[in-house]
Each structure stands twice: as structure tokens, then as C-alpha cells.
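> Everything in the sequence shown is counted per numbering that gives the first Met the number 0, starting at 0 for the first residue and increasing by one. The beta-carbon is built from N, C-alpha and C at its ideal position, and this holds for glycine as well. Quick one: the structure is below, and I'll ask about it shortly.
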Amino acid sequence: MRFGLDVAQQRMPWDELVRRVRLAEDLGFDGVWGFDHFQPMYGEGPGETFEGMTTLAALSGVTSRIRLGLLVTGATYRHPSVLAAQAVTIDHASHGRLELALGAAWFEKEHRELGIAFPPTAARFDLLEDTLEIVTRLFSGETVSYDGHNVSLHEAALRPKPVQQPHPPIWIGGTGPRRTLPLAARFADVWHAWGTPNSLRETSARLDDLATAAGRVPTSIRRAGSLSLDELETARRHAAKWRDAGWDYLVCGWPDAGASQVEAFVRDVAGEFA
């Protein structure tokens with residue numbers, strides 16, 4: 000079982016963000032996760048919020064082992080080709096430590112206030128599909144032409160290739176049966192979902208069926224869930240249930256009690272799942 004730490008990147012000065020990331024690395028977490036927004040999602044006023052992809056690039060220079068990702072990168076925020084170039088750059092800067100989690104975006108208020116287009120749900124999923132197609136094809140380093148729903152490529156190429164081959168692990172989260180699961184079946188290296196092992200059992204089985212239909216081995220798509228650290232005995236029980244159900248990665252939320260609780264989790268719980 001691997002554990003990642005969500006550093007709760009909202010309303011946080013830069014030095015505090017770096018402190019949390021370095022703490023996660025020192026404690027042995029597999030990965031650290033920020034968020035991909037330009038303003039906080041709660042509270043009053045604009046707050047202190049750093050752009051996601053450039054944050055990962057900067058964090059690659061102040062860490063040496065821990066893997067870096069955003070939950071999740073919104074397809075509406077960047078042209079897919081630009082996102083692919085950013086991802087390759089971060090993958091090289093971090094010597095192959097990028098996790099690329101992608102989603103259709105949802106925070107309409109942020110889009111409206113900042114002048115970012117926020118199309119209807121179906122169109123956002125079309126854009127997500129284009130993004131997945133484009134980034135995975137451009138990561139190959141080959142010349143690519145692609146006729147997409149919203150974005151097309153014409154004899155395009157990006158080099159260098161990523162350090163990680165064939166590309167950084169792609170995460171897709173969510174349980175939507177019409178668009179999310181079919182996209183995860185085609186593209187995901189990791190499927191991340193909210194819920195419990197019991198509540199997600201049928202959805203996970205459906206993903207297996209879709210992966211098989213797409214010509215993939217279902218076990219090639221790793222499963223990732225989420226874990227609260229606010230109460231350690233509860234965290235222990237829940238982590239055991241995820242492990243026994245075959246899930247191998249848990250994203251741990253930053254606890255209300257702060258760094259001391261994170262340290263206690265690693266000291267008293269995490270070692271049982273090594």
C-alpha cells in the first residue's frame with residue numbers, strides 16, 4: 000500500500016507549502032498532491048493561491064524523491080498541447096517524478112470571474128477526451144495529426160520525450176458511467192475514486208469490463224482511494240479495508256490537527272501496510 004499526502008494547497012503562503020511537501024518527503028510518503036485552481040474554493044476574498052503546474056515545477060527543485068501531482072488538472076485551463084509541453088518539462092525537472100491527473104473541471108465561479116471559458120458538461124468531457132488523446136500522442140515524440148472534438152493537431156511534434164516511458168502515469172478520477180469510466184478504461188494508469196471499497200465494488204468491476212473491451216488488461220489500471228487522517232484508529236481500519244479490497248494507493252487528506260497528526264500516522268499506522 001502506498002500513501003500520498005494532499006497538502007491542502009489553499010490560502011497558504013509559499014514557505015508553508017514547501018514545508019508540508021518536504022515533511023511528506025522526509026516521512027516517506029510516496030507522493031504529494033496539490034490542486035489546480037487559481038483561487039480558493041472556500042472562505043472570503045481571493046486568498047493566496049499558486050498556479051498548479053508551475054508549482055510542481057518549483058517543487059521539483061526543492062525535493063529529491065517524492066512524486067508530484069495535482070488532483071486534478073482541469074482540461075479547461077490550458078490548451079492540451081501546452082499542457083503536454085508543461086508536463087514534459089516537469090517530468091525532466093523532477094527526473095521522472097510527475098503524476099498527471101486529469102479531469103473535466105467543475106469550478107464555474109472561478110472560470111466566470113477570471114474569464115476562462117466554461118462550456119457545458121458534455122463539451123468539457125469532449126475537451127478532456129481531446130486532452131487525453133493529445134497529451135498521450137505528443138508524449139511519444141512522433142509527428143501527430145489528430146482530428147478532435149474541440150482541438151486538432153496538424154503534423155505536430157513535441158520533444159524531448161518524457162523521462163517516464165511511455166509517459167508519466169495518467170490518473171483519471173470519478174465514477175460517471177457515461178464518460179468518466181470509459182475514458183479511464185482507455186487512458187488511465189490509475190483510477191481515483193471517492194467512496195468506500197464496498198460502495199465502489201460494482202463501479203470497479205464495470206471499469207474492468209470496459210478496460211477489457213478497450214483491449215487492455217484490467218489489472219494494468221491501479222486503484223486509488225482517499226483516507227482521512229483525523230482519527231488514527233479509524234484511518235487504520237479504513238486503510239485495511241482498502242488494502243483487502245485490492246486498492247494499492249490512498250491519498251491522505253491533510254488533517255485538522257496538522258503536521259503532528261501526519262507524523263503520528265506515519266509512526267503508528269502506515270508501517271503496518273508496507
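Taking the DSSP output, what are the residues bridged to D5?
W32
> Taking only the alpha-carbon atoms, compute the straight-line gap between S139 and E232 and give it to the nearest angstrom.
45 Å
> Should R222 be labelled buried (16 or more other beta-carbon atoms within 10 Å of its own) or exposed?
buried
> Between the segment 17-31 and the segment 42-55, are three or more C-beta pairs nearer than 8 Å?
no
> Can you say whether V81 is buried or exposed, counting buried as having 16 or more other CB atoms within 10 angstroms of its CB?
Exposed, by the Cβ-count rule.
> Between which two residues does the alpha helix (DSSP H) holding V134 run?
120-137
> Between which two residues does the alpha helix (DSSP H) containing S259 stretch?
258-267
> Suppose you measure from the CA of P196 to the CA of E154; what does that come to, to the nearest Å?
About 44 Å.
> Looking at T75 and the ligand ADP, is the gap between the Cβ and the nearest heavy atom below 7 Å?
The ligand ADP is not part of this structure, which contains no ligands at all.
> Considering Cα atoms alone, identify which of T72, I89, A84 is closest to A103.
T72
> Comparing C-alpha positions only, which one of A83, L69, G114, L22 sits nearest to R158?
A83
> Buried or exposed for D255, going by 16 or more other Cβ atoms inside 10 Å?
Under this definition D255 is an exposed residue.
> Helix, strand or coil for S203 per DSSP?
In this structure, S203 counts as helix in the three-state DSSP scheme.
> Does DSSP classify H94 as helix, strand or coil?
H94 carries a coil assignment under DSSP once its states are collapsed to helix, strand and coil.
> Round the Cβ separation of D90 and V162 to the nearest angstrom and send it over; I've been treating them as touching at under 8 Å.
So it is a contact: roughly 5 Å between Cβ atoms.
> For G95 versus L69, is the C-beta distance shorter than 8 Å?
no
> How would you label S151, buried or exposed, when you count the other beta carbons within 10 angstroms and need 16 or more for buried?
exposed
> Excluding five sequence neighbours on each side, which residues of the same chain lie with their C-beta closer than 6 Å to the C-beta of Y248?
R1, A223
> For V61, count neighbouring Cβ atoms within 10 angstroms of its own Cβ and tell me buried if that reaches 16, exposed if not.
exposed
> How many Å lie between V17 and V31 at the Cα?
11 Å
> What residues in its chain sit with their C-beta under 6 Å from that of A92, if we drop five residues either side in the sequence?
A56, S59
> Alpha carbon to alpha carbon, how far is V189 from T174? Give it in angstroms, no decimals.
Computed Cα separation, rounded: 13 Å.
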